[in-house]
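Working notes, beginning with the structure itself.
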Amino acid sequence: MRQREHLTPYGNKPMVTPIVSAVNYEYVSFEILQQITDGEIDGYTYHRDDNPTIRAVEKEIALMEKANDCVICTTGMAALTMIFLTYLKAGDNLLTFHDVYGANYKVSLILEKFGVEITWLDAAEPEKVAESIKDNTKMIFCETPSNPLVKVVDIKYLRQQADRVGALLVVDNTFATPYHQLPLTLGADLVVHSATKGLGGHNDLMTGVIACSSRQFYDELWFTRQAIGTTLDAFSASLLERGLKTFEIRAAKMSENAMAIAEFLAGHPKITRICYPGLPGDAGHKTACSQMKKGFGGVLAFDVGKTQAEAKKFVEKLKVIYHAVSLGCTETLVCLPVLTTMLYLPEERRTTFGVSPNTVRLSAGIGDTKELIADLKQALDWDKA
Ligand SMILES: Cc1ncc(COP(=O)(O)O)c(C=O)c1O
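Everything in the sequence shown is counted per this note's numbering, starting at 2 for the first residue and increasing by one.
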């Protein structure tokens, strides 16, 4: 006779959600099976459908984003692709911005193969949204602040525009994180994260998150994930849960470091442009103040000197800050977007909306502020003995 035992003999609960690595589950009864398949209860049958470790983290992130519920999947790009597959079809128009993470361009090529029409705008020209909305616009998708130039888009304004034609509004909140910005409270229907970044925070897991404003969105996106199999593994979900335990203090320190670094760089003669919405002179500052709180996030972008050779010399001289892609993690990272995240974009797309060959993106980590600034200072002195 098989025994069913509690995890602990007297029901004491573990402080961490257990990692359930099972792919399938023994059914307790046909009644329970029916309730699970009818979606009445979070019972579990097969990992591609659902997993209790993942479900616990989904509920936690839903609370953080003030969402009805949340769907977690394998990567940030999987999350975005699931949204596009679920809500767009041939003949529909997707209105989006050049100022989104580079891999979205690759996904756009796939969507075009299936007959989706895409309008690309510059986030620095929001007035163009009103002119470009069409009857067949079914979705507006933006990042704010954007990758890599941290341009800020007014979420409430996009909501108004989307409402003109009943379009969905999807906001990638990876740069801001729920610590600084809650797009669902500003009118977004869906919020996406590459939780590979700030939510996870330790460069050790890839995952994507979709926070949903309604149960209907959750059900529809759950259906897509279950169908195409973009379900995360339970071990990664546990790493994400661990990341969330320190998320707020990491986000606060990153934003504090980013602000201090932006202020330092803004006054440095070798920095020819600085983009950070926390700086009062930044084009996105006013809007950022109205929709972000407790700071402006951990990422900034800046141009070093006039040439890429100068930017490379600066990066090569850094001692504390790492030369690596990704962002939102404990270490401070820099990369040249034209050589990394934007490498595979056609030439005209790489530069026409503001990224230059000497643009550096910096993601502030949680290290000592003075040490980071000292590192930047000595690296900018590449021409001094
Ligand atoms: C803003 C933003 N969204 C989405 C993604 C894609 O996330 P992932 O690498 O987890 O697929 C990235 C990756 O850098 C990103 O920066």
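Even glycine gets a Cβ: it sits at the ideal position worked out from N, Cα and C.
Practice task
Mark F347 as exposed unless 16 or more other C-beta atoms lie within 10 angstroms of its C-beta, in which case mark it buried.
Solution key: A small fix is needed here, since residue 347 is Pro in this sequence, not Phe. It is exposed - the Cβ of P347 has fewer than 16 other Cβ atoms within 10 Å.
Practice task
Enumerate in chain order the residues of its own chain whose CB-to-CB distance from G366 is below 6 Å, with the five nearest sequence positions on each side excluded.
Solution key: T331, E332 and T333
Exercise for the section: Kindly examine ligand 1 and report whether one of its heavy atoms sits closer than 6 Å to the Cβ of E332. Expected result: No, since every heavy atom of ligand 1 falls outside the 6 Å radius drawn around the Cβ of E332.
Problem - Start-to-end residues for the alpha helix (DSSP H) that takes in S239 - result: A235 to K246
Exercise for the section: With a threshold of 16 other CB atoms inside 10 Å of the CB of F85, please say whether the residue is buried or exposed. Expected result: buried
Practice task
Can you tell me the Cβ-Cβ gap for C74 and T231, rounded? I've got them flagged as a contact below 8 Å.
Solution key: 4 Å
Exercise for the section: Ignoring anything shorter than 4 residues or poking outside the segment 61-117, list the alpha helix (DSSP H) runs there in chain order. Expected result: 77-88 and 104-114
Handout entry: Length of the line joining the Cα atoms of F98 and F142
Key = The straight-line gap from Cα to Cα measures roughly 7 Å.
Exercise for the section: Give the straight-line distance between the Cα atoms of A79 and D39, rounded to the nearest whole angstrom. Expected result: 26 Å
Practice task
Would you check if the distance between the CB atom of E61 and the CB atom of L245 is smaller than 7 Å?
Solution key: yes
Problem - Local conformation of A302 per DSSP, three classes - result: strand
Problem - Nearest candidate by alpha-carbon position, reference S133, set N94, L170 and R160 - result: N94
Problem - Unbroken alpha helix (DSSP H) run spanning C290, endpoints - result: Counting along the chain, the alpha helix (DSSP H) containing C290 begins and ends at H286 to Q292.
Problem - Option nearest F218 by Cα separation, candidates A235, V361 and L185 - result: Shortest Cα-Cα distance from F218 to any of A235, V361 and L185 involves L185.
Exercise for the section: Using only the heavy atoms of ligand 1, determine whether one of them is closer than 6 Å to the beta carbon of D205. Expected result: no
Practice task
Starting from H324, follow its DSSP beta bridges and name the residues at the other end.
Solution key: Bridge partners of H324: V335.
Exercise for the section: Run the CB neighbour count on T9, radius 10 Å, all protein chains shown included, and call it buried at 16 or more, exposed below. Expected result: exposed
Handout entry: Cβ pair I275, F297 closer than 7 Å
Key = no
Exercise for the section: Determine the burial state of A124: buried for a count of at least 16 other Cβ atoms within 10 Å of its Cβ, exposed for fewer. Expected result: buried
Practice task
Take H194 as the anchor and find which of K107, R216, V171 and D50 has the nearest alpha-carbon.
Solution key: Among K107, R216, V171 and D50, the Cα nearest to that of H194 belongs to V171.
Exercise for the section: Alpha carbon to alpha carbon, how far is T197 from T145? Give it in angstroms, no decimals. Expected result: So the two alpha carbons sit approximately 17 Å from each other.
Problem - Burial state of T87, where buried means 16 or more other Cβ atoms lie within 10 Å - result: buried
Problem - Euclidean distance between Cα positions of T353 and K254 - result: 33 Å
Handout entry: Three-state class that DSSP yields for M255 in the structure shown
Key = helix
Exercise for the section: Compute the Euclidean distance between the alpha carbons of L64 and S214, then round it to the nearest angstrom. Expected result: 11 Å
Handout entry: Neighbour-count burial assignment, Q226, 16 or more Cβ in a 10 Å radius
Key = With the sequence shown as reference, residue 226 is identified as Arg, and Gln is not the correct amino acid for it. It counts as buried.
Exercise for the section: Note down, one range per segment and in chain order, each alpha helix (DSSP H) of at least 4 residues found wholly within the segment 142-228. Expected result: 156-166 and 178-181
Problem - A235 vs T54 beta-carbon contact at 7 Å - result: yes
Problem - Short Cβ contact (7 Å threshold) for G103 with G209 - result: Taking 7 Å as the Cβ cut-off, G103 and G209 do not qualify as a contacting pair.
Handout entry: C-beta atoms of L96 and T138 nearer than 7 Å
Key = yes
Problem - Other residues of its chain near G202: CB distance less than 8 Å, five sequence neighbours each side excluded - result: G244, T247, F248, R251, G329, C330 and T331
Exercise for the section: Please report the Cβ distance between L200 and T178, rounded to the nearest whole angstrom; I am assuming they are in contact, meaning their Cβ atoms lie under 8 Å. Expected result: Going by Cβ atoms, the distance from L200 to T178 rounds to 7 Å, so yes, they are a contact pair.
Problem - Neighbour-count burial assignment, M260, 16 or more Cβ in a 10 Å radius - result: buried
Handout entry: G435 classed as buried or exposed, judged by whether at least 16 other C-beta atoms fall within 10 angstroms
Key = In this structure the chain extends from 2 to 386, so residue 435 is not present and cannot be described.
Problem - Length of the line joining the Cα atoms of E32 and Y47 - result: 17 Å
Practice task
Give the secondary structure of T352 by DSSP, where H, G and I count as helix, E and B as strand, and everything else as coil.
Solution key: helix
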